[in-house]
Structure formats: C-alpha cells, structure tokens
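Protein chains in written order, with my numbering: chain A, 56 to 530; chain B, 56 to 530. Glycine included, every Cβ here is placed at the ideal spot set by N, Cα and C. First up is the structure itself, then whatever we jot down about it.
Below, the structure is given as structure tokens:
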C-alpha cells in the first residue's frame, strides 16, 4: 500500500497504539531503567535504506518493540532518578494527541485563533497557580508564552533585554554564576556577545547562591569600562544542586543599574503551586523582567512545554517581530491579538497549550500540589536515610525533589574517592534497577537522586537506598 | 479526582480521543476552513481561573468541541490553500503519540540511545530519498538533524558559518534577497550581527531569483571594507512565489570567496523525492554547506519536523557544544556517539524521529512520490484554468504546488486593483469554503493558492476555481 491512512484505518491503528502505550506504561517498571544499548546497536539493527513500498503500521510497531525499545532509557520508570524528571502523564499525552490530530500551525493568531487564545488562558492560569505577579498576565503589560525549553526561553529573554539596553554589537555583558545553567553561556554565544562578555559572579561557598555584592561590583566595573550591562540570570533551583539565588537582593542590584533580571526557575518554579513553597519566588514580583519554569520537568506535562513570562512584552515584540506580506492580516494590523511568532525563535508553532490545559483540568490545583508534595516528601525521607548512615555525606538539603550525596570513602584521597563514587554510579546504573546522575560540588563528585516521576512511590525510593548501600558493601 | 491517570484509564480515554480524531478527520470537510472567530471569542468562553479540583477527561473533550473547535482554522481541510500546507497524516500522528507515550528526552545519546540513532537513520534515509549528496550523511563528514522549523535551522546554520568565518562581533555580513524568508533577517538580528549587516542581493525581475553577479560585487565590497562575508542563503522555492535561486552560480561565488552557502528548501525541497524533480537541487552537492527542508510542510509529517543537513558537522558542534558536569558521560567522552543537543538551539529534545520513521515506512518512497506528484499535477491544472480565463493573470508557474494569480481588474488603477484583489480574498475566505493567502509581486497583490493537503482532491481544486470566478462575477 502507498496511499493515505484513511480515518477508519487511523481509528483501528490508533487504538492499537493506545493499547501499546497503556501496556508500556503499565509494564515500564519491569524494564531496565537505563538502556543497555551500546553505540551503534540500534542503528545497525535498522535497514540502511528506506522502503520503496509502504508497509502496514504493524510493521512499525513490531520494530518499535524489537529494535527501538532496547535502546530506550525509560524516563517514566519509577526508578528514574537521573537529571531532573521529565514528567509525562495520561492527560498530557492525550492533549498532545489532540494537537497532532488537529494539525494546526499557530504562528499568528489568524492561522488558528484558538491555538493562541487557549495558550494565553492556560499560561495565565499557570501564573495564578504559581502565585506569580499580576503584571505577568497578558491582560496587563506582560504575558506568558509556551517555549520548547528553558534554554530557548533564556535566549529570548536575552534578546529582549539586549533590545531594551540598546548599544551596538560587542558591548553587551551578561551575568551568571558557576551554577547557572549552561544555556545562558550558550545564549550569549548565540547572540554574538563576543568573548568574555558572559561574566561569572561569585557564589556563596556554602549555599552556592550568587553573591549580590560581587554582582554589583562586576556591573560597576563593566559600566565604567563602557560596556552595557544587559541581563542578570538568577536561578531558583540550580541544575547541579537546586541552589536558590537571592532574588530580592540581586533584583535590587539590577534595579539600581537598570539591568534586566531574568529568573530561571526551570525545574523548581512549579513547586510554587504549593502555597507553602511560594517563598521560593520572593523578589520575582518586585524585580523580575522575565521568568521561566518548565511544566515539562516536574508538572506532568510532556516535553516540550516551558513557560516564559515577561513583565513588559514591548521589548520582546519589538526585537523579534517581522511582518512579511504573506503574513499580513487584519487581526495582526488591528493590534487586538497576540501573534506568538513574535515571542519565540521559530516562526511556526504547534498547539502545545492543549496538553497543559489537559493537565491542569485533569489534576486541578489540588492534584498538582499533591504530586509536588509527594516528590518533596520522598526526597526528605531519602535525605534522612542517607544522613543517618555515617558512611555518607549529604549536601544541605534544598526544598525540592533532589538529593545530592556521596559516600565518604574514609581513607581515600579526594581523587580516589571521586573515582570510587563514579565507579559506584556506573555499577548502580548498569544494574538497570535505578538510574542516578552526578555533579561536582566544590570539586567533589556527588550523586544526584531526583524524585518526581509520576510512577515513583515510597517503595522505589526505599529500594534505591537499599541498592546503593548493598553496592557500597559489595565493593 | 486528583490522582494520576492510570494505564487503564489512559486506555479507555485514549480510545475515545482516537475516535474523536478519526471523526474529526472524516468530517473536517464539512467545517468552515477558516475560523469565523473574532479576537477574544475563545478566550472569553474559557474560565478565567484554573480549576481547584480535577475533572474527568470528558469535560476537556466537551469544551474542545464547544469552545476550541469554533476557533480552529482547519489546516487539514481539503480546501485549505493558504500559506504552505502543513501536512498531518495518520502515521505521523501515531508516531507522535508513541513519542508522547514513551516520554523520553533525547538531549544526549546516553539519555536514550534509540532516540538519537533512529533520528540519524531516518535523516540519512530522507537524504537518500531526496537524492542529497553522500557527504550529508552522518557516516561521512556531515550529518542531518531534526529541528523544529526552518527558521531555527537557518539560525543554527548561521552560527556554524559565523564560527567557521572567525572574526569579532559586528563584522559579519550575510546575504539574502528580497525573496528570502524573513527568518534569515531575523536570524541575523538574533545573532547580533548589527545594523545593516544583512545585505539584500538584487533579484532577476522576471524570475525573482537571486542575481549571482550582484552577490559577487556585494561580497567584494564588504570584504574590501573589512567586513567578514559569512553566509549566503539561496532559496529553492521561495515563500512568496516558489522562485528558485540559481544555486550552482551562487555556489561558485561562495566558493570563490570562502563564504558559507546555506540552501533553504523549506517548502520545495521534499519535491526531490520524485526523480524528475531532482534538478531543483542542482548545485547542492557541489556547493552547499547546509541544506534545510521541512517534512512538516508537504511531506505528510506533522509539525514540527524540519531536517537540516551539514556538509561538515565540525563547525556546528564546535560553536554549540557545552559539557556541564551533570551531562558528562562515557559515551559522549568516547566520541563514538552523536549528542544532538550540540546541533540545535534548545538543550532538550523530543523523540521526533518516530513520526518521520512512521511516515516513510507507511508511505514508502512510492507513496511519498505519489502525494507530491498529485499536488503538482493539481497545481498545473489550476494554473491552466486560470490562464485560460482572460480576466486573470498567472505568475509564470513554478514546478511545485503553488499558483500565484490575480484578477486583472481591467479599467482599475494599480492601487484600486490591489484593493479589489484583497477584498475578493476576504470575501472568499469569509465564505468558509476555501482559504487562500496573498503576496505582493512587483508591488502588486497576488493571490496564492497552495495545493498539498493530503485530503485535497481534484474536485476541491475545481470547486475553488468555480468559487473564485463566481465571487468575481458577483462584484
């Protein structure tokens, strides 16, 4: 066959795929978390050439099972503790399916008004759920938009900040710390800031939080040297250890010097769905020019769904807008609508609001809070277990789902200890029973155990701890 | 309810959503192509606040039908002729569903080897299907990667080109024509090239193709003035009229001056799946440093799926790579694997290869050719109909699915004629029976009718022509 799949064929195959996904989700726990595949294993099992004639969809499903699955590291496995979680959930998958089925491209309002307006509503909803300030709402001066990732969001924020700051190429400087996500340095590279224009602000050696005093002196030095201090990135929940930069004090420095404050809360920001965690966003209402958090990490919405808000959307739209003739339309010219293509790097866009809408409606505020609270509670329990074992060191616990820890390896020097920790990590991950990642803190390798997959229950965290201790004993 | 959707709930709701999508696809023809919604209609019908408690998924489906659908412009409608098509297809929707269900994040090889390796294989397959040169393959010096859009792809190409060219901020110049996609100018803005660094090369007034002679003199002028000529964008199938720039002659100019040649074949490139259209890529094998085409436009793969190839991947990876400690892993350090995060703007990535794989396997090369050939044949037929009516002018037809034409409005001045054409366009689109867009050629408004939606048959094209003539008579 080589024709289009008819709606009736789609109905039949679609149900088979839904069954496949339901079976996968029900059985994911029985699979090794991390794929045992080596480089080239999957590739060499696939045909070198595309088929000349079409094949029934069953052939795809058979190869998915036989060739693709052994090469999958299962992010939705209850014992996936690496990186940060990338939550998928039933309602999000269904929202994505609706988006694919509708197949609309929402580059401007006019190309599907609902694609734009539902997005505006759900990002306003999310702002309310997280207690973000009213001026981030689209009916005020700001507005939110769904991006593919916090990396792209930070680049977009930088472009808006650069526009507001004015000044020619090669004179803009931005401010990060050693703990800031690597995408900020990369955004500076992409934006062509030039060598040495991404300044590294010191951190407090204990908390790993950015030092506002050092930030202030770097900005003064740069301004005195004729540079244009353009953007400071403060992080709420750093990637390495979920450290929290002092946003109120950083914000005050930014305000004094007229520098854009971007707050990167990619992982941790959604924790503010719980009123008792709202303090993590202290200073945001007063000082943040832009703020990003990723429902696709911990808030049950399939990748990609990163939400970026602005306090003032004017510099954003001014720096990114284009209006070629073929996109001119009455709605755009009326100024009454939002054209989200002016809020992002690509021109085209999928209907991603459907999945966030599905998630918020299915879970409600209550369900979202319950999920975040469980992750935090399990991380607290895990940290307490590790702390109670004198063979381990635990990094001062931050109030999210991540625990950083390491065996002390009494008797080993620093380098040997790091090697032993990495070897332990490899053995654990090779087991297929759990999957952790690592980082370096003050030069020392630490293990990262991040809790937040929807399938993770207390028993999985307990089992992880048992496995870690057993592997340590085995050494 | 506020808990997670269980696999069994997912199974039941999933089948309901599949039925919804199948019904939608089967009935899309009965809906008005362009949404009749006005600004704020959808937004005002949605609750201002998120729900406190979760709701059953039926509530989402009910509101989808009641609130969202009236705000949808139906890109998959058989009478959608606006912009360029954004093909969805059954196998692509299913591939996307599998991607959402697996919920993996393929930022590096190690985070799900199959996500990377299947992508490598399918972009190599696509290169073969399109007759692209062997050095674009990953087992040679180059390689392909799936991007969200040609806009992002062109930005990535510019970053690689800038890296290869060397030189400091404010000195790089790039070369486009008045017909080049607006994303190139925007990429220059994002990359911080500075004012006046995006040069506009003249076009042949008849063909609207870039003038290689003028390109050569602009590059010489800039080099003499101490600038760094960095990238030329040649287009195969421009957005406005599907004009084709003379890639072999442009390529020779690039080669002489050591300037990066990026070929933007976003819409038209996939037509090379038909051997008789391979000539559109003349010069690509000899001269192109990068090449982009979008399966999400005409090749039956849901947005987003844009494929970008490089002749040499080294400058790309050098300019975009980062390696924070938490992403260090044995596979990356071995150099034996690809980490696609170094090939794109964002860090994270979905498993988009699944949908392209599904499409190529379901249709086979034969099925893809059949789809493209039908679009071209119907466009030829439509152009012949318009040409045979003396009340109309047709732009020299280009060999793809787009026809540009306008009523001559004998007796009206240029400005009045343009107004009359735009008014005709509004009346046609307001009818809900078909949806066209427009452009300007030599300052005159022309209608654009682009054929390529999978559901479009001869009768829809005939009906469009009848409707256009009837509306003209009614005036």
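Under 8 Å, with one C-beta from each stretch per pair, do the region 269-282 of chain B and the region 241-251 of chain B reach the 3-pair mark? No: the two stretches stay apart, fewer than three of their Cβ pairs being nearer than 8 Å.
Candidates B:417, B:85, B:502, B:111, of which the one nearest residue 541 (chain A) by Cα: Chain A is shown only over 56 to 530; residue 541 (chain A) falls outside these bounds and no answer can be derived.
So, are the CB atoms of residue 510 (chain B) and residue 133 (chain B) less than 7 Å apart? Yes. Within cutoff.
Report, in whole angstroms, the separation of the C-beta atoms of residue 344 (chain A) and residue 220 (chain A), which I expect to be a contact under 8 Å. Not a contact, Cβ separation roughly 11 Å.
Anticipated Cβ contact below 8 Å, residue 144 (chain B) with residue 60 (chain A), distance rounded: Indeed they touch by this definition, with Cβ atoms about 6 Å apart.
Three-state secondary structure (DSSP) at residue 87 (chain B)? Reduced to three states, the DSSP call for residue 87 (chain B) is coil.
Residues of its chain near residue 170 (chain B), where Cβ-Cβ distance is below 6 Å and the 5 sequence neighbours each way are ignored: Around residue 170 (chain B): 159, 161, 406.
Closer than 7 Å to chain A by CB, residue 494 (chain B): Judged by the 7 Å Cβ criterion, residue 494 (chain B) is in contact with chain A.
Give me the Cα-Cα distance between residue 260 (chain A) and residue 497 (chain A), rounded to the nearest whole angstrom. Near 8 Å, if we compare the C-alpha coordinates of residue 497 (chain A) and residue 260 (chain A).
Please confirm if residue 265 (chain B) has its CB atom under 7 Å from at least one CB of chain A. For residue 265 (chain B), not one C-beta of chain A is nearer than 7 Å to its own C-beta.
Whether residue 282 (chain B) touches residue 228 (chain B) by CB criterion (7 Å): Yes. Within cutoff.
Residue 449 (chain B) bridges to which residues according to DSSP? Residue 449 (chain B) is bridged by DSSP to B:460.
With C-beta atoms as the reference, is residue 453 (chain A) less than 7 Å away from residue 262 (chain A)? Between residue 453 (chain A) and residue 262 (chain A), the C-beta spacing is not below 7 Å.
Can you name, in chain order, every residue of its own chain whose Cβ lies under 6 Å from the Cβ of residue 430 (chain B), other than the five neighbours on each side? In its chain, beyond the 5 residues on either side, 456, 506, 507 have a beta carbon closer than 6 Å to the beta carbon of residue 430 (chain B).
If we cut at 7 Å on Cβ distances, does residue 238 (chain A) have a partner in chain B? Closer than 7 Å: yes.
So, is residue 95 (chain A) buried or exposed, given that buried needs 16 or more other C-beta atoms within 10 angstroms? It counts as exposed.
Rounded separation between residue 591 (chain B) and residue 140 (chain B) - CA only: No statement about residue 591 (chain B) is possible, as the shown extent of chain B runs from 56 to 530 and does not include it.
Is the region 354-367 of chain A in contact with the region 456-468 of chain A, if contact means three or more CB pairs nearer than 8 Å? Taking a cut-off of 8 Å on C-beta distances, the region 354-367 of chain A does not touch the region 456-468 of chain A, as fewer than three cross pairs fall below it.
Going along chain A in order, which residues have a C-beta closer than 8 Å to the C-beta of residue 381 (chain B)? Going along chain A in sequence order, the residues near residue 381 (chain B) (Cβ under 8 Å) are 138, 294, 295, 492, 493, 494, 503.
Measure from the C-beta of residue 66 (chain A) to each C-beta in chain B and report whether the shortest distance is under 7 Å. With 7 Å as the cut-off, residue 66 (chain A) counts as an interface residue toward chain B.
Quick one: is residue 393 (chain B) near chain D, going by C-beta distance under 7 Å? In the displayed structure, chain D is absent; the protein chains listed are A and B.
Go ahead and pull the three-state DSSP assignment for residue 378 (chain A). In the three-state reduction of the DSSP assignment, residue 378 (chain A) falls in the coil class.
Contact list for the region 99-131 of chain A against chain B, Cβ threshold 7 Å: Those would be 101, 104, 105, 106, 107, 108, 109, 110, 112, 114, 115, 119, 123, 126, 127, 128, 130, 131, in chain order.
Going along the chain, which residues of the region 180-203 of chain A sit with their C-beta nearer than 7 Å to a C-beta in chain B? Residues of the region 180-203 of chain A with a C-beta less than 7 Å from any C-beta of chain B: 180, 183, 184, 203, listed in chain order.
Which stretch, first to last residue, makes up the beta strand (DSSP E) that contains residue 364 (chain A)? In the DSSP assignment, residue 364 (chain A) falls within the beta strand (DSSP E) that extends over 361-365.
Could you run through the region 416-430 of chain A and flag, in chain order, every residue whose CB is less than 9 Å away from some CB of chain B? Within the region 416-430 of chain A, the residues whose Cβ lies closer than 9 Å to some Cβ of chain B are 416, 417, 418, 419, 420, 421, 422, 423, 424, 425, 426, listed in chain order.
Sequence-distant residues of the same chain with beta carbon closer than 8 Å to residue 279 (chain A), five excluded per side: If we look at residue 279 (chain A) and ignore the five residues flanking it on each side, it has no Cβ neighbours.
Can you give me the start and stop residues for the alpha helix (DSSP H) that residue 24 (chain B) sits inside? This structure cannot speak to residue 24 (chain B), because chain B is shown only from 56 to 530.
To which residues of the same chain is residue 378 (chain A) closer than 8 Å at the C-beta, ignoring the five residues directly before and after it? If you ignore the 5 residues before and after residue 378 (chain A), its C-beta comes within less than 8 Å of the C-beta of 387, all in its own chain and listed in chain order.
What are the boundary residues of the beta strand (DSSP E) that includes residue 170 (chain A)? Counting along the chain, residue 170 (chain A) sits inside no beta strand (DSSP E); it lies in the alpha helix (DSSP H) bounded by residues 168-184.
Under 8 Å between beta-carbons, which chain B residues line up against residue 225 (chain A)? List them in chain order, please. Residues of chain B whose Cβ lies closer than 8 Å to the Cβ of residue 225 (chain A) are, in chain order, 223, 224, 225.
Can you find at least 3 beta carbon pairs, one from the region 308-322 of chain B and one from the region 344-356 of chain B, that sit closer than 8 Å? With a cut-off of 8 Å, the region 344-356 of chain B and the region 308-322 of chain B count as touching, because enough Cβ pairs lie within range.
Could you give the DSSP three-state label for residue 514 (chain B): helix, strand or coil? Taken through DSSP and simplified to helix, strand or coil, residue 514 (chain B) comes out as helix.
With a Cβ-Cβ cutoff of 7 Å, do residue 288 (chain A) and residue 239 (chain A) count as a contact? Contact: yes.
Could one say the Cβ of residue 172 (chain A) lies closer than 7 Å to chain B's Cβ atoms, at least one of them? Yes, contact with chain B.
From which residue to which residue does the alpha helix (DSSP H) around residue 72 (chain B) run? Run containing residue 72 (chain B): 62-82, per the alpha helix (DSSP H) assignment.
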